[in-house]
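Worksheet: the structure to be examined is printed underneath.
In full-length UniProt numbering, the protein residues as written are 1 to 421.
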């Protein structure tokens with residue numbers, strides 16, 4: 001934390017555009033540090049679910065134990081992310097993010113030690129997962145406000161970051177599976193701890209441009225109300241979140257667990273891996289496209305691209321031939337990633353810096369809560385109506401959600417903010 005505090009002195013350091021070296025404008029010193037921080041920590045994010053699931057199952061706790069450990073991290077993330085937004089605006093995002101990374105260095109080192117020295121108890125793993133989820137809640141809101149402080153071209157920076165994260169999330173499960181098979185579950189957590197250490201160091205070294213900060217008077221609850229007022233005042237934002245919450249329950253939640261069952265039954269685990277890899281490759285493609293395409297109405301363009309996401313549940317419902325299913329997953333992934341860049345760019349450029357972290361926290365909370373609800377309902381509903389039937393409904397809801405996005409004037413007409421000169 002001393003490094004972070006020392007770095008805060010440099011808030012008025014030269015702007016990123018003063019350090020260009022002939023390459024793309026986005027690749028400044030500070031963006032390279034941020035890019036490195038996000039890339040290495042996202043690789044760990046991709047590895048840990050596989051390693052934790054395999055480790056818990058190998059320890060004898062079964063699929064139920066694996067589900068409990070995952071839920072133990074998601075619940076505190078959903079509960080505390082609003083407070084993370086308040087703290088990020090009060091204490092600066094960098095301090096919160098470096099502190100969260102430092103906590104996760106410790107927790108993942110402890111997890112690695114537990115696996116390397118014996119069989120950990122389930123409650124130990126659940127407590128550690130809960131601490132990690134709380135740390136993530138303190139970390140996540142700050143992401144929204146850092147990029148505008150280190151990059152003049154926010155859209156290109158977001159697209160570059162999201163492309164790297166997509167690649168790391170695609171690579172992570174394979175690396176984790178290899179390490180678990182040929183080394184030990186604990187090795188994965190050691191690598192994850194090292195990644196958080198690198199992330200903390202890189203974030204601490206950032207030289208951020210000074211931004212206006214909103215007054216932080218009153219209690220935490222007062223500041224939560226300020227964040228809610230700012231969030232509620234933007235029809236385009238809460239309109240998207242309401243639609244996204246419905247899609248989280250009816251589309252994003254069911255498609256992963258039910259898709260895994262249907263594809264595995266039809267094409268075994270290798271086929272499922274092929275299809276999910278195709279979706280991951282599509283997210284990389286969508287991020288690359290978003291680096292180049294600069295629509296004047298980003299959310300309208302993103303909603304049009306998001307229509308392609310319906311191809312994912314539709315292809316699973318129809319149990320199409322594996323190559324065709326993979327091709328449609330690739331297109332769905334590209335559309336989803338393009339929307340993601342348009343959305344994040346809009347959030348980061350349309351909201352005042354002084355309240356951005358709190359507003360982003362409300363936005364993330366609305367997205368985070370819905371998907372686990374959809375996942376938990378998917379199994380019981382599928383047992384009554386059938387898995388393919390549920391995903392058929394998901395396909396329809398996905399299309400309807402995009403239609404609704406385009407039907408709201410505040411969303412459809414939102415215009416792009418030009419890059420800072």
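Cβ atoms here follow ideal geometry from the backbone N, Cα and C, with glycine treated the same way.
Predicted model, so just to flag it, every value in this text is computed and none were measured.
So, for residue i: in the same chain, excluding its five sequence neighbours on each side, which residues have a beta-carbon less than 6 Å away from its beta-carbon?
{"i": "residue 344", "result": "158"}
{"i": "residue 133", "result": "73, 76 and 77"}
{"i": "residue 187", "result": "179"}
{"i": "residue 155", "result": "345"}
{"i": "residue 278", "result": "326, 329 and 330"}
{"i": "residue 37", "result": "199, 202 and 203"}
{"i": "residue 283", "result": "166, 333 and 337"}
{"i": "residue 412", "result": "300 and 406"}
{"i": "residue 295", "result": "301"}
{"i": "residue 285", "result": "334"}
{"i": "residue 135", "result": "100, 103 and 104"}
Quick one: grab the DSSP three-state call for residue i.
{"i": "residue 209", "result": "strand"}
{"i": "residue 320", "result": "coil"}
{"i": "residue 161", "result": "helix"}
{"i": "residue 59", "result": "coil"}
{"i": "residue 187", "result": "helix"}
{"i": "residue 352", "result": "coil"}
{"i": "residue 414", "result": "coil"}
{"i": "residue 151", "result": "coil"}
{"i": "residue 27", "result": "coil"}
{"i": "residue 246", "result": "helix"}
{"i": "residue 401", "result": "helix"}
{"i": "residue 313", "result": "helix"}
{"i": "residue 375", "result": "helix"}
{"i": "residue 407", "result": "helix"}
{"i": "residue 233", "result": "coil"}
{"i": "residue 93", "result": "helix"}
{"i": "residue 177", "result": "helix"}
{"i": "residue 297", "result": "coil"}
{"i": "residue 69", "result": "helix"}
{"i": "residue 254", "result": "helix"}
{"i": "residue 422", "result": "What the structure shows of the chain is the stretch from 1 to 421, and residue 422 is not part of that stretch, so it cannot be assessed."}
{"i": "residue 333", "result": "helix"}
Within 10 Å of its beta-carbon, does residue i have 16 or more other beta-carbons around it, so buried, or fewer, so exposed?
{"i": "residue 1", "result": "Caution is warranted here: a pLDDT of 38 is assigned to residue 1, below 50, making its placement in the model unreliable, and no coordinate value can be reported."}
{"i": "residue 121", "result": "exposed"}
{"i": "residue 86", "result": "buried"}
{"i": "residue 276", "result": "buried"}
{"i": "residue 380", "result": "exposed"}
{"i": "residue 244", "result": "buried"}
{"i": "residue 384", "result": "exposed"}
{"i": "residue 128", "result": "buried"}
{"i": "residue 242", "result": "exposed"}
{"i": "residue 360", "result": "buried"}
{"i": "residue 339", "result": "buried"}
{"i": "residue 425", "result": "Any answer about residue 425 is impossible in this case: the structure gives the chain only from 1 up to 421."}
{"i": "residue 272", "result": "buried"}
{"i": "residue 58", "result": "exposed"}
{"i": "residue 324", "result": "exposed"}
{"i": "residue 268", "result": "exposed"}
{"i": "residue 32", "result": "exposed"}
{"i": "residue 220", "result": "exposed"}
{"i": "residue 22", "result": "Confidence in residue 22 is poor, its pLDDT being 41 and thus under 50, which makes the residue's placement too unreliable to answer from."}
{"i": "residue 40", "result": "buried"}
{"i": "residue 313", "result": "buried"}
Quick one: residues in its chain with C-beta nearer than 7 Å to the C-beta of residue i, no 5 flanking neighbours on either side, listed in chain order?
{"i": "residue 30", "result": "16, 150, 206 and 207"}
{"i": "residue 177", "result": "50"}
{"i": "residue 382", "result": "258 and 390"}
{"i": "residue 175", "result": "47"}
{"i": "residue 4", "result": "Residue confidence is low: residue 4 scores 38 on pLDDT, short of 50, so the model does not pin down where it sits. Its coordinate-derived value is still stated next. Closer than 7 Å at the Cβ level, and outside the excluded window around residue 4, lie 94, 95, 98 and 204."}
Say whether chain D places a C-beta atom closer than 8 Å to the C-beta of residue i.
{"i": "residue 248", "result": "Absent from the structure: chain D. Only one protein chain is present."}
Leaving out five residues before and five after residue i in sequence, what residues of the same chain have Cβ atoms less than 8 Å from its Cβ?
{"i": "residue 229", "result": "none"}
{"i": "residue 246", "result": "370, 397 and 401"}
{"i": "residue 9", "result": "Note that residue 9 has pLDDT 35, beneath the 50 cutoff, so the model's placement of it is unreliable and no number is given."}
{"i": "residue 173", "result": "46, 47, 49 and 50"}
{"i": "residue 126", "result": "68, 69 and 72"}
Give the C-beta separation of residue i and residue j to the nearest angstrom, bearing in mind that I take them to be a contact with Cβ-Cβ under 8 Å.
{"i": "residue 200", "j": "residue 112", "result": "Their Cβ separation, rounded to whole angstroms, is 17 Å, which puts residue 200 and residue 112 out of contact at 8 Å."}
{"i": "residue 232", "j": "residue 414", "result": "The Cβ separation is near 16 Å, so there is no contact."}
{"i": "residue 239", "j": "residue 408", "result": "5 Å"}
{"i": "residue 54", "j": "residue 185", "result": "6 Å"}
{"i": "residue 84", "j": "residue 140", "result": "6 Å"}
{"i": "residue 82", "j": "residue 365", "result": "6 Å"}
Can we say the region 259-273 touches the region 383-394, given the rule of at least three CB pairs closer than 8 Å? yes
Taking 8 Å as the cut-off, does the region 346-365 touch the region 137-151 (at least 3 CB pairs, one atom from each stretch)? yes
When the Cβ atoms of the region 156-171 are set against those of the region 278-290, are three or more pairs found closer than 8 Å? yes
Just checking, does the region 294-301 make contact with the region 363-372 on the three C-beta pairs under 8 Å criterion? no
Using 8 Å as the cut-off, can you tell me whether the region 33-46 makes contact with the region 166-173, which would need three or more C-beta pairs spanning the two stretches below that distance? Yes: the two stretches touch, three or more of their Cβ pairs being nearer than 8 Å.
With three or more beta-carbon pairs closer than 8 Å as the criterion, would you say the region 391-407 touches the region 249-256? yes
Can you find at least 3 beta carbon pairs, one from the region 196-204 and one from the region 92-112, that sit closer than 8 Å? By the criterion of at least three beta-carbon pairs nearer than 8 Å, the region 196-204 is in contact with the region 92-112.
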